[in-house]
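Everything below concerns the one structure shown next.
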Amino acid sequence: MADLKQIAETLVNLTVKEVNELATILKDEYGIEPAAAAAVMVAGGGAGAGEAAAEQTEFDVILKAGGANKLAVVKLVKELTGNGLKESKDLVDGAPATLKEGVSKDEAAALKTQLEEAGAEVEIK
Numbered sequence: 001m002a003d004l005k006q007i008a009e010t011l012v013n014l015t016v017k018e019v020n021e022l023a024t025i026l027k028d029e030y031g032i033e034p035a036a037a038a039a040v041m042v043a044g045g046g047a048g049a050g051e052a053a054a055e056q057t058e059f060d061v062i063l064k065a066g067g068a069n070k071l072a073v074v075k076l077v078k079e080l081t082g083n084g085l086k087e088s089k090d091l092v093d094g095a096p097a098t099l100k101e102g103v104s105k106d107e108a109a110a111l112k113t114q115l116e117e118a119g120a121e122v123e124i125k
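Heads up: the sequence shown begins at 1 in UniProt numbering, then just goes up one per residue.
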């Protein structure tokens, strides 16, 4: 019989990449769905990993550069922020600049997608 304490310690110390690889193996070779494997990994927690792995709930959307189609980015920034045209242009020209602070993960991802489609370079922190 395998040493369960040693297995548990190994699981707790896996990196995110290793957890993803394990989930793939469990699904492909043993028919265990990744969601179930992820729940096991999360339930396992980690000594000291709990504090460091506190999930971030608020994100900042940072405009890194206006890109090649700066006019479209300025118009989109105006629409997204509610600023005037001059303020939006100044924000794009002054990149890198924080566009929005303390937004949810979904909202930050949506903003990033919209801005990148307009040609901007965006970072989420």
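Where a beta carbon is used, it is the ideal one built from N, C-alpha and C, also for glycine.
Between SER88 and LYS100 a beta carbon distance of about 13 Å is seen, past the 8 Å cut, so the two are scored as non-contacting.
In the three-state scheme derived from DSSP, where H, G and I count as helix and E and B as strand, ASP60 is classed as strand. Here LEU111 is buried: its Cβ has 16 or more other Cβ atoms, across all protein chains shown, within 10 Å. With contact defined as three or more Cβ pairs closer than 8 Å, the stretch 54 to 67 and the stretch 18 to 29 are not in contact. Burial check for GLY66: the Cβ neighbour count within 10 Å reaches 16 or more, so the residue is buried. Around the beta carbon of VAL61, 16 or more other beta carbons lie within 10 angstroms, which makes this residue buried. Counting along the chain, no alpha helix (DSSP H) covers ALA120, and no H or E run does either. Using a Cβ distance threshold of 8 Å, LEU85 and VAL122 do not count as a contacting pair.
A distance below 7 Å between beta-carbons, with the five flanking residues on each side excluded, links LYS105 to the following residues of its chain, in chain order: PHE59. Here the alpha carbon of LYS5 sits roughly 12 Å from the alpha carbon of ASN13.
LYS100 is bridged by DSSP to VAL61.
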